[in-house]
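For reference, the structure discussed in these notes is given below.
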Amino acid sequence: MRRATALASAPTLRTLTIAVAAGALALGTIEPGFPRSSPSFPCRWTWDLRSGTPAGQVVAGFAVDCSSYGRRGSLMIEAKLAKWNPRTRSWQAVASQARRWTSFRGRRYVELSRPCTVGTFRATFQAVLRDSGNAVVDRLPVTTGPLHVVVPCAFTLG
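Heads up: the sequence shown begins at 53 in our numbering, then just goes up one per residue.
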């Protein structure tokens, strides 16, 4: 799978580290996804991988807006949340979900959440756009960077 890249208009800072002022204990990382469109994928899309909001949760989400596509067909979004296992040196799936829509009105999304545990997480998403004859128009695979989570998993400002 190819790695997601930000558009030129998107900020270059992709990872924000949240730290407690006293002691500078890292609580988590936010991996923002920026609304974008691929040169070949005809819909706008965005992704998110974060910890601490809501408190105690690791959340991965992917949204696609095909309202301007202008044709009939279907959209399927698959999302997988994986945690790094240092013993086996591999990614272990902890959550997955797939949804399919036949209406392109509005934004469609899939969201996964799991309780925070110490470790490294990543998410993979795939959007598949099909025409009315069920032929694949385009596929969009996205793999996020790693999200390092430490406990307690809470989002605090100031």
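For glycine and all other residues, C-beta sits at the position ideal for the given N, C-alpha and C.
With a floor of 4 residues, list each alpha helix (DSSP H) that falls wholly inside the region 124-160, ordered by position along the chain. List check, alpha helix (DSSP H) in window: nothing returned.
Taking 8 Å as the cut-off, decide whether the C-beta atoms of Asp117 and Arg159 are in contact. As a first step, residue 117 is located in the sequence shown; it is residue number 65 there, counting from the start. As a first step, residue 159 is located in the sequence shown; it is residue number 107 there, counting from the start. A contact, by the Cβ cut-off of 8 Å.
Going by beta-carbon coordinates alone, are Val203 and Val170 separated by less than 8 Å? By 1-based counting over the sequence shown, the position of residue 203 is 151. By 1-based counting over the sequence shown, the position of residue 170 is 118. It is a contact, given that the beta carbons lie within the stated cut-off.
Rounded to whole angstroms, what is the Cα-Cα separation between Trp136 and Arg102? As a working note, residue 136 is residue 84 in the sequence shown. As a working note, residue 102 is residue 50 in the sequence shown. The straight-line gap separating the alpha-carbon atoms of Trp136 and Arg102 is approximately 16 Å.
Looking only at DSSP bridge pairs, what is Gly113 linked to? Position 61 of the sequence shown, counting from 1, holds the residue named residue 113. Bridge partners of Gly113: Asp100, Glu163.
With a Cβ-Cβ cutoff of 8 Å, do Pro198 and Thr172 count as a contact? For the purposes of this step, residue 198 is taken as residue 146 along the sequence shown, with counting starting at 1. For the purposes of this step, residue 172 is taken as residue 120 along the sequence shown, with counting starting at 1. A distance below 8 Å separates the beta carbons of Pro198 and Thr172.
Is the beta carbon of Gln144 closer than 8 Å to that of Ala134? For the purposes of this step, residue 134 is taken as residue 82 along the sequence shown, with counting starting at 1. For the purposes of this step, residue 144 is taken as residue 92 along the sequence shown, with counting starting at 1. Yes, these two residues count as a Cβ contact at 8 Å.
Distance, Cα to Cα, Asp183 vs Gly125? The count along the sequence shown starts at 1 and reaches residue 183 at position 131. The count along the sequence shown starts at 1 and reaches residue 125 at position 73. Distance between the alpha carbons of Asp183 and Gly125: 4 Å.
Can you list, in chain order, the residues of its chain with a C-beta nearer than 6 Å to that of Arg191? Leave out the 5 residues immediately preceding and following it. Here residue 191 is taken as the residue at index 139 of the sequence shown, counted from 1. Result list for Arg191: Val180, in chain order.
Among Arg174, Asn186, Pro167, Ser92, whose alpha-carbon lies nearest the alpha-carbon of Ala29? Here the chain has residues from 53 to 210 only, and residue 29 is not among them.
Around the Cβ of Ala76, are there at least 16 other Cβ atoms within 10 angstroms (buried) or fewer (exposed)? As a working mapping, residue 76 is identified with position 24 in the sequence shown. Note on Ala76: pLDDT 26, under 50, position unreliable in the model; no value is reported.
Can you tell me whether Gly122 is buried or exposed, with buried defined as 16 or more other CB within 10 angstroms of its CB? To locate residue 122, count along the sequence shown from 1; it is residue 70. Burial call: exposed.
Distance between Phe114 and Ala131 (C-alpha atoms, nearest Å): Residue mapping note: residue 131 aligns to position 79 of the sequence shown, counting from 1. Residue mapping note: residue 114 aligns to position 62 of the sequence shown, counting from 1. CA-CA distance, Ala131 to Phe114, rounds to 7 Å.
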